[in-house]
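Colleague:
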Amino acid sequence: MYTTAVLVYVFAIGAPVLLLRHFHPQAWYWHVLAIAAAVAIGLMPNPLGWDNPAVDLVFGLVIVMLLVWGVGGLMFWQPHRHKHA
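Going by the numbering used here, the first residue of the sequence shown is number 1207, and it counts up by one from there.
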């Protein structure tokens, strides 16, 4: 299970970084919304009957991906600048 968890969390960090690199940060409010969603999911209690390591791994994957995408997008976001001719 340890190797699986490491691979999942490497993917959870690597995928948003590659997406940010390829598509560039979007509007700032999408990144703030992603951070808010990650915090909301993280503070939410597990549904009854869903107390097993696989569910924890999936929730952790989603939370880390949203946090990395949200924070990374805000760190590198730049407003559009129009050049005047």
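Glycine included, each C-beta is placed from N, C-alpha and C at the ideal position.
Could you compute how far the alpha carbon of Gly1276 sits from the alpha carbon of Phe1229?
Modeller: Sequence index remark: in the sequence shown, residue 1276 carries index 70 (1-based). Sequence index remark: in the sequence shown, residue 1229 carries index 23 (1-based). About 14 Å.
Colleague: Using a Cβ distance threshold of 8 Å, determine whether the region 1230 to 1246 contacts the region 1255 to 1274, with at least three qualifying pairs required.
Modeller: They touch, by the three-pair rule.
Colleague: Can you give the Cα-Cα distance for Tyr1215 and Val1261, rounded to whole angstroms?
Modeller: By 1-based counting over the sequence shown, the position of residue 1215 is 9. By 1-based counting over the sequence shown, the position of residue 1261 is 55. If I take the Cα positions, the gap works out to 14 Å.
Colleague: Report the three-state DSSP secondary structure of Gly1220 (helix, strand or coil).
Modeller: Working through the sequence shown from its first residue, we reach residue 1220 at position 14. The answer is helix: DSSP assigns Gly1220 an H, G or I state.
Colleague: Given a threshold of 16 other Cβ atoms within 10 Å of its Cβ, counted over all protein chains shown, does Leu1295 qualify as buried or as exposed?
Modeller: Examination of residue 1295 is not possible in this model, given that the chain is present from 1207 through 1291 alone.
Colleague: What did DSSP end up calling Ala1233 once you bin it into helix, strand or coil?
Modeller: The count along the sequence shown starts at 1 and reaches residue 1233 at position 27. Correct three-state label for Ala1233: coil.
Colleague: What residues in its chain sit with their C-beta under 8 Å from that of Gly1279, if we drop five residues either side in the sequence?
Modeller: To locate residue 1279, count along the sequence shown from 1; it is residue 73. Cβ neighbours of Gly1279 beyond the five flanking positions: Leu1226, Pro1231, Gln1232, Trp1234, Trp1236, His1237, Ala1240.
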